[in-house]
Amino acid sequence: MMIEVEIVGVRIELPSNQPLVLLREMHGERHVPIWIGTPEASAIALAQQGVVPPRPMTHDLMIDVVEALGHTIISVNIVAVEDNIFYGQLQFDDGTVVSSRASDALALALRAKCRIWCADAVMEEAGVRITEHDEGEDTEPGPEVDEERELRRFREFLDDVEPEDFEG
């Protein structure tokens, strides 16, 4: 069974400075954090902000190629997680399914404006509950995501990053 999710955003996890993308189930409280690479984090954040680069970046190029061949990506699926590695799939309009890294699949989903699905087993294994904390409630609040603050921090990170930072 698949659960529809949406991308909450990208954040930088401290103190490791490791980027992660946070998914949230559409009809529930569970979130799935997926640690991703910096280039993919940038690609996701830029697409969420509606930034259109002057020349197509890799994920933009992929969408352009798919469309030029007369097809569309109709959904992206997060299908498995093994040892904290998430596996994705691209679902095309003609029924073709292509395996993908989860981070690339999510970057493409934003550009294709398609639905994102997460396997129930992945949600069960990797999902965490983040609930809104009601005033007067006696329970401990869960971790909260301040999206504006995280987005500001990520933009600051992008301002300081140089191409040389990505070289091995």
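Numbering (UniProt numbering), first residue to last: 1 to 168. Glycine included, each C-beta is placed from N, C-alpha and C at the ideal position.
query                                                                                                     : result
Entirely enclosed beta strand (DSSP E) segments - the UniProt domain "BFN" (2 to 130), minimum 3 residues : 2 to 13, 18 to 25, 30 to 35, 73 to 82, 85 to 92, 97 to 101, 115 to 119
For E29 and P56, the rounded distance between their alpha carbons                                         : 35 Å
Anticipated Cβ contact below 8 Å, V21 with I3, distance rounded                                           : Between I3 and V21 the Cβ distance is about 16 Å, and since that is not below 8 Å, they are no contact.
Through-space distance from E125 to Q91, alpha-carbon basis                                               : 23 Å
Sufficient close CB pairs (3 or more, under 8 Å) joining the segment 8 to 16 to the segment 102 to 118    : no
Counted within 10 angstroms of its Cβ, other Cβ atoms place H59 as buried (16 or more) or exposed         : buried
Contacting residues, own chain, Cβ-Cβ under 7 Å from P143 (five flanking each side not counted)           : The predicted model places P143 with a pLDDT of 46, which falls under 50 and marks its position as unreliable; any figure quoted below should be read in that light. These residues qualify, in order along the chain: I130.
Backbone CA spacing between V128 and H31 [nearest angstrom]                                               : 5 Å
Straight-line gap, L108 to M62 (C-alpha atoms, nearest Å)                                                 : 8 Å
Among P39, E67, G50, V66, the one whose alpha carbon lies nearest that of R101                            : P39
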